[in-house]
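Per the working numbering, the very first residue in the sequence shown carries number 0; after that it's consecutive. Ideal placement from N, C-alpha and C gives every residue a C-beta, glycine not left out. Read through the structure below, which is laid out as structure tokens, and then see the notes.
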Amino acid sequence: MREIAPGVAVVPTLIANAYLVGDVGSWVLVDACTPGNEGRIRRAAERRFGRGSRPCAILLTHGHFAGSAGPLADVWGVPIYRSE
């Protein structure tokens with residue numbers, strides 16, 4: 000994970016990325032890498048926002064695939080929003 004702009008960090012993989020956007024207590028996950036990256040994204044979120052933190056929502060910007068969004072939404076108990 001690395002900060003790419005104030006309040007925006009990227010969790011990169013070879014194929015797709017996830018973005019942690021916001022501040023402690025109020026953040027969203029934008030995109031969710033590829034399937035199987037739930038642990039990587041959760042660890043990055045905990046490093047950035049603190050242990051047990053969870054986003055307000057998961058936002059998917061394009062329809063190629065949902066990646067790790069479903070499993071993360073289940074664990075965090077948050078909604079998933081996607082663009083049309």
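Taking buried to mean at least 16 other C-beta atoms within 10 Å of its own C-beta, is residue i buried or exposed?
i: arginine 46; result: exposed
i: proline 34; result: exposed
i: valine 74; result: exposed
i: alanine 4; result: exposed
i: leucine 71; result: buried
Check for me: the beta strand (DSSP E) holding residue i runs from which residue to which?
i: valine 10; result: 7 to 10
i: aspartate 22; result: 17 to 22
Across which residues does DSSP place residue i in a beta bridge pair?
i: serine 25; result: Asp22
i: arginine 1; result: Val9
Using 8 Å for Cβ pairs, my map puts residue i next to residue j. What's the rounded Cβ distance?
i: valine 9; j: arginine 1; result: 6 Å
Inset, instruction - Write down every uninterrupted run of the beta strand (DSSP E) in the region 41 to 80 whose length is 3 residues or greater and which is fully enclosed by it, in chain order. - result: Taken in chain order, the complete beta strand (DSSP E) segments of 3 or more residues contained in the region 41 to 80 are 57 to 59.
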